[in-house]
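For the sequence shown, this note's numbering assigns the number 142 to the initial residue and increments by one for each residue that follows.
For glycine and all other residues, C-beta sits at the position ideal for the given N, C-alpha and C.
Working notes, beginning with the structure itself.
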Amino acid sequence: MKFLKSHFALSRSQQNGIFLLVLLIIIFQVAIFSYDHFIPNPPGAETDPEVEAMLKSLDSIRSSEDTRKDTVYPFNPNFITDFKGYQLGLKVEEIDRLLAYRAEGKWVNSKEDFQKVTGVSDSLLNVIAPSFRFPEWTQNVRQQNIATRAEVTAIPVADLNAATAEDLVIVRGVGEVLSQRIVKYRKSIGGFLDVSQLKDVYGLSDETIGNIQKHFGIISKPDVSLKNINTIRENELAELPYFNETLARKVINFRNLHEGIRSFEELAQIDGFPSDKIDRIKLYLGLN
């Protein structure tokens, strides 16, 4: 007890000094706490042009993201899948009606046809119909009143040389890749002279070519004159479909060696000659 008592045996001035020190420490701690929690915004921060520009940019990004969530991109309603129909808000039975209709080989060529087949409500049709995209030729047929509604549904024959890749996709067995490939090949030969030339498009089966012929034919032919194989020059022959410089040179050498070509069957003797394409080669070459 004497030991503890010695520590409290302070003079009045010493006691006042300790009290003042404790008071200053408390005031200092309160000041720090108040500064951390109640520090005011820097002057002019709310009106800083850079801050306002950044906030507007963030609002714009949020707005665009919200818009993209509800965006329906253009599509052909003939190719709606179960998942796509669910996204559009179609009922299960409405999707089933469309799929059953398409399984019969029939096509929807207008929003009216779509509603008639699926039975969707007017309110839903008004929402999704602006995104419908049909082949151009079906719209032309409707505008010109060439066929009745039943004939339009059956898809009349259109020009293969005027068809777009989007038009060709309607054919069973022709997807986006093959449709683009058909258009690209058609461009490389200057246009189809005969539907049989579809055999030269890589990936097209005989069945698919048959399906194409049900809907497309050669209506407008490219301006191509038949060349005489016995008089054509080598550079001209090399420019024709199915030929290149090497093959053209072989044909001319063969013609010179045999003093003329009397039948196309003779060309099979030439090494590397595409004998399986003679029927299409005859579209560009003759013997007289």
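- Around the C-beta of R274, fewer than 16 other C-beta atoms lie within 10 Å, and the residue is accordingly described as exposed.
- K232 and E253 have their C-alpha atoms spaced approximately 18 Å apart.
- Counting only the Cα atoms, E193 lies some 41 Å from Y227.
- In this structure D300 is in contact with I360, their Cβ atoms being roughly 4 Å apart against a cut-off of 8 Å.
- For V233, the enclosing alpha helix (DSSP H) stretches over residues V233 to A244.
- A residue is called buried once 16 or more other Cβ atoms fall within 10 Å of its Cβ, and A304 is buried on that count.
- In this structure the region 400-408 does not touch the region 347-358; the number of beta carbon pairs closer than 8 Å is below three.
- In the same chain as R322, and ignoring 5 residues on each side of it, the C-beta atoms closer than 7 Å to its own belong to V342, Y343 and G344, in chain order.
- By alpha-carbon distance to I393, the top candidate from D412, N371, P382 and S416 is N371.
- A distance below 6 Å between beta-carbons, with the five flanking residues on each side excluded, links I422 to the following residues of its chain, in chain order: Y383.
- For the region 370-405, the continuous alpha helix (DSSP H) assignments of 4+ residues that do not extend past its boundaries occur at 375-380 and 386-398, in sequence order.
- Counted as a single uninterrupted DSSP element, the alpha helix (DSSP H) harbouring Q256 occupies residues K252 to T259.
- E235 is positioned such that its CB atom lies no closer than 8 Å to that of V268.
- For A299, DSSP records a beta bridge to F357.
- In the DSSP assignment, E307 falls within the unbroken alpha helix (DSSP H) covering A306 to L309.
- Between L334 and K368, the gap from beta carbon to beta carbon reaches 8 Å or more.
- Under the three-state reduction of DSSP, K325 is assigned to helix.
- The shortest CA-to-CA distance from D420 to any of L339, R243, N217 and P218 is the one to L339.
- Here the alpha carbons of K225 and F216 stand approximately 10 Å from one another.
- Between F414 and L388, the beta carbon gap of about 7 Å places them in contact (Cβ cut-off 8 Å).
- Looking only at G331, V336 and Y425, the smallest Cα-Cα distance to S366 is reached by Y425.
- Here F160 is exposed, its C-beta having fewer than 16 other C-beta atoms within 10 Å.
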